[in-house]
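Working notes, beginning with the structure itself.
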Amino acid sequence: DFVQSNVSKSQQGVLRGLHFQNPNPQGKLVYVLEGEVFDVAVDIRRGSPTFGQHEGIILSAENHQQFYVPEGFAHGFCVLSESATFCYMCTNYYDAGADASIAWNDPALNIDWPITSPNLSNKDSIALKLKDFNKNKLPEYHQ
Numbered sequence: 135d136f137v138q139s140n141v142s143k144s145q146q147g148v149l150r151g152l153h154f155q156n157p158n159p160q161g162k163l164v165y166v167l168e169g170e171v172f173d174v175a176v177d178i179r180r181g182s183p184t185f186g187q188h189e190g191i192i193l194s195a196e197n198h199q200q201f202y203v204p205e206g207f208a209h210g211f212c213v214l215s216e217s218a219t220f221c222y223m224c225t226n227y228y229d230a231g232a233d234a235s236i237a238w239n240d241p242a243l244n245i246d247w248p249i250t251s252p253n254l255s256n257k258d259s260i261a262l263k264l265k266d267f268n269k270n271k272l273p274e275y276h277q
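For my numbering, count along the sequence shown from 1 and bump the result up by 134.
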């Protein structure tokens, strides 16, 4: 069940992420109403057989694709078009005290971002690499 819906508008070159929250992880159904983004989900669940692996997809108003980011995954996107209106429906409420970021350019994740010099928020510019997180702060994998 989705309990919260969010809409954000960003300009070309903006990169948001890689965000997650723990406790109270959020699953997210994401899509684009206007413009185009490259969207990424990274499995950061402790004990997961796919820990550190990611999937990336182009989402746009033209292709009408949606992407589900499961609970326990970090999420990020970069804006490829002049601007983009991005929507995400969440399975849990936002919890500022549980919010965290992993570095978008963490070499261990090997994400092939289609952008080299993104515009980052202060929070995202100081994000840690995945290996530098206290593992107990990461979501746990449940079979």
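We put the CB at the ideal spot given by N, CA and C, even for glycine.
- Shown here, Ser182 sits in coil according to DSSP, grouped into three states, outside any helix or strand.
- Per DSSP, the unbroken beta strand (DSSP E) holding Asn140 starts and ends at Gln138 to Gln145.
- Asn140 places its beta carbon less than 9 angstroms from that of Met223.
- A Cβ-Cβ distance of about 25 angstroms is found for the pair Arg150 and Tyr275, leaving them out of contact under the 8 angstroms criterion.
- When C-beta atoms of the segment 162-174 are compared with those of the segment 185-195, three or more pairs fall below 8 angstroms, so the two segments count as touching.
- If one requires a minimum length of 3 residues, the beta strand (DSSP E) runs lying completely within the segment 188-220 are 188-194, 200-203 and 207-213, in chain order.
- In the three-state reduction of the DSSP assignment, Leu264 falls in the helix class.
- For Ser259, the enclosing alpha helix (DSSP H) covers residues Asn256 to Ser259.
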